[in-house]
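A.B. asks: Could you have a look at this structure, given as structure tokens, before my questions?
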Amino acid sequence: MPAQLKVYYPWNDLEPGQSFFVPALDVYAAKEAGLKAALHLRVKGKATFGLFNGKHGVLFTRLDG
């Protein structure tokens, strides 16, 4: 079993409308983990798959205040 990499999701550091990108090969797992972190912090967010600087991953955007 491969080692798990811990990813920090900075939901509390964002203002509404700001975003952060998480590079990932398994974008569905990254999306699920990021939105679970937002739910735990009671933050509304959305996730979009895409490329950023040639890296495949998920762009998370904070929606609420």
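Mapping of the sequence shown onto the numbering used here: position 22 corresponds to residue 36, and the numbering continues sequentially without gaps. C-beta atoms are modelled at their ideal positions from N, C-alpha and C, and glycine is treated no differently. These numbers were taken from a predicted model, which means no experiment stands behind them.
1) Alpha carbon to alpha carbon, what distance is there between residue 32 and residue 68?
2) Could you pull out every unbroken alpha helix (DSSP H) segment of at least 4 residues lying fully inside the region 47 to 72, listed in chain order?
3) Pull up the CB-CB distance for residue 65 and residue 25, whole angstroms please, since I reckon it's below 8 Å.
4) Please determine, among 78, 49, 71, the residue with the shortest C-alpha to C-alpha distance to residue 36.
5) So, with DSSP's three-state summary, where would you put residue 41?
C.D. replies: Once the coordinates are examined:
1) Between the C-alpha atoms of residue 68 and residue 32 there is a straight-line separation of about 21 Å.
2) The region 47 to 72 contains no whole alpha helix (DSSP H) run of 4 or more residues.
3) Between residue 25 and residue 65 the Cβ distance is about 22 Å, and since that is not below 8 Å, they are no contact.
4) Of 78, 49, 71, the residue nearest in Cα terms is 71.
5) If DSSP states are grouped into helix, strand and coil, residue 41 belongs with the helices.
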